[in-house]
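Peer 1: Chains as they are written, first to last, in the numbering used here: chain A, 1 to 113; chain B, 1001 to 1114.
Just dropping this structure here.
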Amino acid sequence: DSGVTQTPKHLITATGQRVTLRCSPRSGDLSVYWYQQSLDQGLQFLIQYYNGEERAKGNILERFSAQQFPDLHSELNLSSLELGDSALYFCASSVLGFTDTQYFGPGTRLTVL
Amino acid sequence: QQQVKQSPQSLIVQKGGISIINCAYENTAFDYFPWYQQFPGKGPALLIAIRPDVSEKKEGRFTISFNKSAKQFSLHIMDSQPGDSATYFCAAAYSGAGSYQLTFGKGTKLSVIP
């Protein structure tokens, strides 16, 4: 158990809908990273927050957004969902924004029908 | 553009054998190279990592070999066990950007047969 929690574990929704994925980092970790894992693209970095502020952005679609709250939990919002958004979404946390070890949560499996 | 190339895609090794997974990177600014292990239904977990100032790092049965001039690094699993059967991902990061966002290889599915 990495200490990172993600909810929900599974999410099934329809095209065009909007969903919110939640991540609670390990106690004391200030940084949260979001990754998408799909069969064709593999594991891809989406976005990072550090102590409430956006730190880095990767291959994140404009339909996706994220935020980190004062209690350091983070939410990833996915809107206008398409079939191709079906994937596993992982969050990872680390102590600081620029330290190496990232601890991954168990992931949220999103299925868009 | 795939910045980290990983091979092979899948690997079958006999119990007690050596498993070798290779990765190559393009961005010479990368300065942190971790390997992650992922079991089905779980998130990736850090296995071992190396920085480019050393050519080899060993932790138990796991060894990373790093060749800076060739821009390649590899994972060796000695005395492979059935419990090692998992998907392995190499990754790379550049710390200078103030973020350790990881760029992953496509993964290698390792099966260790008794």
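Note that CB positions come from ideal geometry on N, CA and C, so glycine has one too.
(1) Which residue's Cα is closest to the Cα of Thr13 of chain A: A:Leu96, A:Ala92, A:Gly84?
(2) Does the separation of the CB atoms of Glu1056 of chain B and Ile1048 of chain B fall below 8 Å?
(3) What do you get for Val1054 of chain B, buried or exposed, if any count of 16 or more other CB atoms within 10 angstroms of its CB means buried?
(4) Leu1102 of chain B touches chain A at which residues, Cβ-Cβ below 9 Å?
(5) Under 8 Å: do the stretch 13-25 of chain A and the stretch 73-81 of chain A share three or more Cβ pairs, one atom per stretch?
(6) Taking only the alpha-carbon atoms, compute the straight-line gap between Asp122 of chain A and Thr7 of chain A and give it to the nearest angstrom.
(7) What first and last residue would you give for the beta strand (DSSP E) that runs through Ala1024 of chain B?
(8) Using a Cβ-Cβ cut-off of less than 7 Å, give me the residues of the stretch 1042-1064 of chain B that come near chain A, in sequence order.
(9) Report yes or no: is there a C-beta of chain B within less than 8 Å of the C-beta of Arg55 of chain A?
(10) Measuring CA to CA, which of A:Pro25, A:Val4, A:Asp40 is closest to Ala87 of chain A?
(11) Val1112 of chain B to Cys1023 of chain B, Cα distance in whole Å?
(12) Could you tell me which chain A residues have their CB closer than 7 Å to the CB of Phe1032 of chain B, listed as they occur along the chain?
(13) Looking at Ala56 of chain A: is its Cβ nearer than 8 Å to the Cβ of Gln1101 of chain B?
(14) From Asp1 of chain A to Asn1027 of chain B, what does the alpha carbon distance come to, in whole angstroms?
(15) Ser27 of chain A and Gly42 of chain A - do their beta-carbons sit closer together than 8 Å?
(16) Cα-Cα, which of A:His10, A:Gly52, A:Thr5, A:Ser38 is closest to Leu96 of chain A?
(17) Which of the three DSSP states is assigned to Pro1082 of chain B in this structure?
(18) Please list, in chain order, all residues of the same chain as Ser38 of chain A whose beta carbon is under 6 Å from its beta carbon, the five residues on each side excluded.
(19) Mapping the DSSP letters down to three states, classify Gly16 of chain A as helix, strand or coil.
(20) Going by C-alpha to C-alpha distance, which of B:Ala1070, B:Tyr1088, B:Lys1106 sits closest to Ile1012 of chain B?
Peer 2: In short, the structure shows the following:
(1) A:Gly84
(2) no
(3) exposed
(4) Tyr33, Tyr35, Leu43, Phe45, Ala92, Gln102
(5) yes
(6) Since the first and last residues shown for chain A are 1 and 113, residue 122 of chain A lies out of range.
(7) 1019-1025
(8) Lys1042, Gly1043, Pro1044, Ala1045, Leu1046, Ala1049
(9) yes
(10) A:Asp40
(11) 20 Å
(12) Residue identity check: residue 1032 of chain B is Tyr in the sequence provided, not Phe. What Tyr1032 of chain B touches in chain A: Asp100.
(13) yes
(14) 33 Å
(15) no
(16) A:Gly52
(17) helix
(18) Ala87
(19) coil
(20) B:Tyr1088
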